[in-house]
Amino acid sequence: MKFVAKLLLAIFFIPIFLVAIVTGTAKFQLLDVKFWQVTFTKYDVYQSLATVLRNNLDDKINSSGGNVSDVKVITDLITSGNLKDLIDKNVVNILGYANGKAADWNVYVPINKIPRSLLPDNLLGMQDSMPISLLLTKFDVSPGSFDYKGVSQFGRSVNLLFFGSVFLILLFTVLLILLTKSGKRFTFLGITYLISGLLTIVLYRLIIFANLSMADGMSQTTTIGDMIARILLPPVIQEAIGVWIWIGIVVFAAGMIFIFVRKPDFNLKKNLTR
9 MKFVAKLLLA IFFIPIFLVA IVTGTAKFQL LDVKFWQVTF TKYDVYQSLA TVLRNNLDDK
69 INSSGGNVSD VKVITDLITS GNLKDLIDKN VVNILGYANG KAADWNVYVP INKIPRSLLP
129 DNLLGMQDSM PISLLLTKFD VSPGSFDYKG VSQFGRSVNL LFFGSVFLIL LFTVLLILLT
189 KSGKRFTFLG ITYLISGLLT IVLYRLIIFA NLSMADGMSQ TTTIGDMIAR ILLPPVIQEA
249 IGVWIWIGIV VFAAGMIFIF VRKPDFNLKK NLTR
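Sequential numbering of the sequence shown, starting at 9, is according to this note's numbering.
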């Protein structure tokens, strides 16, 4: 009976451990404003985006037979500083909403930096920061067609899954310890940790490989969407899962230790008779 119980605990432990890894990445990385700011700065994302957007605009003007100087007022606005301002403020806004710290999702549009002649008529007289529902309405898009309110539940769902999975990991660990007979090695617990750590390392390697392959595959594309994705996605993925390899190594090492550790004999009556 104990064998079956330990086997079931070990089987359920592994997917729960992986859930904790993924939700922990979302909680401490993707839902953290500093993660995005540090990552984008580290990989020079703002400058790369500015270069790609300016070059793409110039190419379109040249291919249509226009003069690049005619859109100089637009290309002059596409700078790393302006993009940093635009991206950083919107990241703060959306993560504040996703984490439940803001009642509404505000969108930052640098209206004051854009020449009045280039602004759409429906944005004239508007503030730089406005609720997304108002912005959608200004462009004749029904707020109901875009279920943005679900974003506000993302942070709460991540927290529930993360803390719930961590609790179950600790509970299963304690149960596997209690189900081990005194004087016996923590074999089941050790193997469970070994597999969990090894799977984490393997997943890390697979994602890194897929990330590099994706970047290589997009290197020759001329589509603006793909070029932006090539700039944004690889560094975000790289930094988001960077800690996985260390978690995997630590958990794997813990599993090795558990296998060779015996459970102490806590039989007080037996010890008193000695």
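Heads up, the beta-carbon is just placed ideally off N, CA and C, and yes, glycines get one too.
Contact belief for residue i with residue j at Cβ below 8 Å, rounded distance in angstroms
i: residue 159; j: residue 106; result: 5 Å
i: residue 236; j: residue 60; result: 7 Å
i: residue 270; j: residue 193; result: 5 Å
i: residue 85; j: residue 122; result: 7 Å
i: residue 239; j: residue 53; result: 6 Å
Residue environment, residue i, which counts as buried when at least 16 other CB atoms sit within 10 Å
i: residue 254; result: exposed
i: residue 276; result: With a pLDDT of only 46 at residue 276, under 50, the local geometry of the prediction cannot be trusted, and no value is derived from it.
i: residue 225; result: exposed
i: residue 10; result: exposed
i: residue 114; result: buried
i: residue 150; result: exposed
i: residue 218; result: exposed
i: residue 154; result: exposed
Euclidean distance between Cα positions of residue i and residue j
i: residue 88; j: residue 94; result: 10 Å
i: residue 23; j: residue 80; result: 54 Å
i: residue 156; j: residue 139; result: 11 Å
i: residue 357; j: residue 209; result: Examination of residue 357 is not possible in this model, given that the chain is present from 9 through 282 alone.
i: residue 20; j: residue 28; result: 13 Å
i: residue 196; j: residue 215; result: 28 Å
i: residue 92; j: residue 201; result: 42 Å
i: residue 272; j: residue 16; result: 24 Å
i: residue 43; j: residue 58; result: 21 Å
i: residue 45; j: residue 32; result: 19 Å
i: residue 68; j: residue 263; result: 58 Å
i: residue 18; j: residue 172; result: 17 Å
Option in the options with minimal Cα separation from residue i
i: residue 116; options: 133, 63, 242, 96; result: 96
i: residue 100; options: 212, 137, 55; result: 137
i: residue 102; options: 120, 135, 163; result: 163
i: residue 267; options: 191, 244, 220; result: 191
i: residue 26; options: 177, 247, 233, 220; result: 177
Min CB distance residue i to chain C below 9 Å
i: residue 52; result: As a matter of chain content, chain C is missing from the structure shown, which is built from one protein chain.
- So, do the segment 240-260 and the segment 20-40 have three or more beta carbon pairs nearer to each other than 8 Å? The answer is yes - the segment 20-40 touches the segment 240-260, with three or more Cβ pairs under 8 Å.
- Query: Touching or not, the segment 172-188 and the segment 111-129, by the rule of three or more beta carbon pairs under 8 Å?
  - Reply: no
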